[in-house]
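Each residue of the sequence shown is one higher than the one before, starting from 8 at the first, in the working numbering. Each residue gets a CB set at the ideal place from its N, CA and C atoms; glycine is no exception.
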Amino acid sequence: MCRAFLSVFVFPVVAIALTGCGAPASKVVGKVTADGNPVPGTIQFSPMGEGADNTGPSAAVPIGPDGSYSLVLKSVGKHRVIVSPSDIPYPARPGREYKYDLAPTEQDVKAGDNVIDVALKPLRK
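Right, dumping it as structure tokens:
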């Protein structure tokens, strides 16, 4: 009788209760542009490690020809964002000047849906 009660009532209740455990997922969508034009390539989000919810692996996804991207992150909080345009050769050629600042930026990712557009800024001369 006790085994039947456990298998029929207790185990399903425990299983349902545990389904919500774990880090919150955050969906991030946006566009990457420079002077209003789309910038295809790759975008990477890396958690900056502040707090228990802001640790974990980086996530990188391709940026489409229209400049749009979409990804799901397992962590919330501050993230370092790196854009790698596809028109920049690797390894970079010495002496080549790029028109836009590709330094990493910081973005705050919240639980749930996020829209994070990245506008590359011209380099200061």
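For the 8 Å CB-CB criterion, Pro47 and Ile70 form a contact. Looking from the CA of Ala66, the closest CA among Pro72, Asp73 and Val90 belongs to Val90. In this structure, DSSP gives Lys34 an extended state, which the three-state scheme calls strand.
Per DSSP, reduced to three states, the secondary structure at Ala41 is strand. Boundaries of the beta strand (DSSP E) harbouring Ile50: Gly48 to Pro54, taken from the DSSP string. Judged by beta-carbon spacing, Gly56 lies beyond the 8 Å limit of Lys81, meaning their Cβ atoms are not closer than that value. Its Cα nearest to that of Pro129, the residue Lys106 stands out among Glu113, Lys106 and Tyr76. Just so you know, the alpha carbons of Arg131 and Lys34 end up roughly 33 Å apart. With respect to Gly74, Val116 sits apart: the two C-beta atoms are not nearer than 8 Å.
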